[in-house]
Amino acid sequence: MTQPASSRRQAIADDLRNQISTGRLKAGERLPSEAQLAARYAVSTPTLRNALALLQAEGLVEKIHGSGNFVRHPLRRARYVGGGSTPCALTAAEGELHTTIRTTNLGAHGHLTALLRVSPRSPLTEFLCLTHEGKTPHSLARIYIPRDLAPADVPEGLLAARLAYLRPPLAVVQETVSTRLPTPDEATTLRIGSTLAVLSITRVATDTAGRVVEAAILALPGDHADAVFTTHHMTEASRAEQ
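Now the structure itself:
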């Protein structure tokens with residue numbers, strides 16, 4: 328009796344998972360090609376890819392386009408601290424992560440017009456922040472700034488300081504947290520499976536005049552991300568001192 332494709336997919340995933348957990352396949356090691364694995368397990372390429380997709384969703388395997396499938400290095404949990412000066416400022420359990428920033432000028436379109444409360448084609452600057460742990464992508468943030476408030480140059484590590492210097496004092500920072508499936512671009516950039524949920528944080532900062540001076544969309548793979556928000560309540564003693 329022929330084994331159903333779903334059973335073959337699960338059996339392949341179980342075998343590869345066991346090889347990873349026992350160390351026969353080590354972190355960072357490239358798996359045989361999909362054609363080689365399909366031949367080894369005597370299955371079709373789609374069935375083999377479905378098995379790999381299970382491991383990608385579990386965070387055990389990452390697919391690097393043009394290079395192949397690799398055993399994923401265990402990632403330390405990343406922490407996003409709500410109310411921070413910039414969504415790029417993530418921390419890991421053992422220190423800061425490395426962030427690369429790409430700057431693009433564009434006109435407001437689609438959801439950006441509503442997010443920043445501007446007219447279509449209003450000049451904006453996008454800062455694409457990709458945070459790494461070693462060579463492995465850790466999180467992705469897209470920060471949108473009205474062009475007149477955007478710095479002309481951003482030395483490495485100084486984005487938060489440049490943005491704070493150019494913008495007026497903030498009155499309200501609203502952060503919306505949700506979980507969702509990654510967009511195709513997020514899945515490719517973060518090297519995660521399309522079925523692994525991401526922690527999505529949308530941050531909108533408004534100045535005292537009611538103008539949106541920053542909007543950001545942050546995506547972190549849900550298997551190693553935390554968001555921390557702290558509320559400070561005034562005590563009777565602190566009120567009396569004011």
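Sequential numbering of the sequence shown, starting at 328, is according to my numbering.
Ideal Cβ positions, reconstructed from N, Cα and C, are used throughout, including at glycine.
Contact check for residue 500 against residue 532 passes: the beta carbons are separated by less than 7 Å. For a cut-off of 8 Å, the C-beta gap from residue 497 to residue 553 is around 24 Å, too long to register as a contact. Per DSSP, reduced to three states, the secondary structure at residue 473 is strand. Exclusion of the five residues before and after residue 444 leaves 539 as the residues of its chain whose Cβ lies within less than 6 Å of its Cβ. When Cβ pairs closer than 8 Å are counted between the two stretches, the segment 467-476 is seen to touch the segment 444-454, the count reaching three or more. Nearest Cα to residue 370 within the set 348, 336, 355: 336. With respect to the 7 Å criterion, residue 467 and residue 354 are not classified as neighbours on the basis of their beta carbons. Cα atoms of residue 505 and residue 529: separation of roughly 9 Å, rounded to the nearest angstrom. Of the residues assessed, residue 396 falls on the buried side of the cut-off, its CB having 16 or more other CB atoms within 10 angstroms. Exposure of residue 394 is indicated by the presence of fewer than 16 other C-beta atoms within 10 angstroms of its C-beta.
Here residue 519 carries a coil assignment [DSSP, helix/strand/coil]. Taking a 10 Å sphere around the C-beta of residue 372, we find fewer than 16 other C-beta atoms and assign the residue as exposed. For residue 447, DSSP assigns no beta-bridge partner whatsoever. With a beta-carbon spacing of about 5 Å, residue 548 and residue 519 fall inside the 8 Å limit used to define contacts. The continuous stretches of alpha helix (DSSP H) do not include residue 538, and DSSP gives it neither H nor E. When secondary structure is reduced to three states using DSSP, residue 553 falls in the strand class. Assignment of residue 361 by DSSP, reduced to helix, strand and coil, places it in the helix class. Residue 429: member of the beta strand (DSSP E) spanning 425-434, first to last residue. In this structure residue 462 is exposed. Its beta-carbon is surrounded by fewer than 16 other beta-carbon atoms within 10 angstroms.
In chain order, 346, 398 place their CB closer than 6 Å to the CB of residue 352, counting only its own chain and leaving out the 5 sequence neighbours on each side.
By the Cβ-count criterion, residue 426 is buried, with 16 or more other Cβ atoms from all chains shown falling within 10 Å of its own Cβ. In terms of Cβ geometry, residue 555 and residue 408 form a close pair [threshold 7 Å]. Non-local beta-carbon contacts of residue 439 in its own chain, meaning distances under 8 Å to residues more than five positions away in sequence, involve 445, 451, 471, 542 in chain order.
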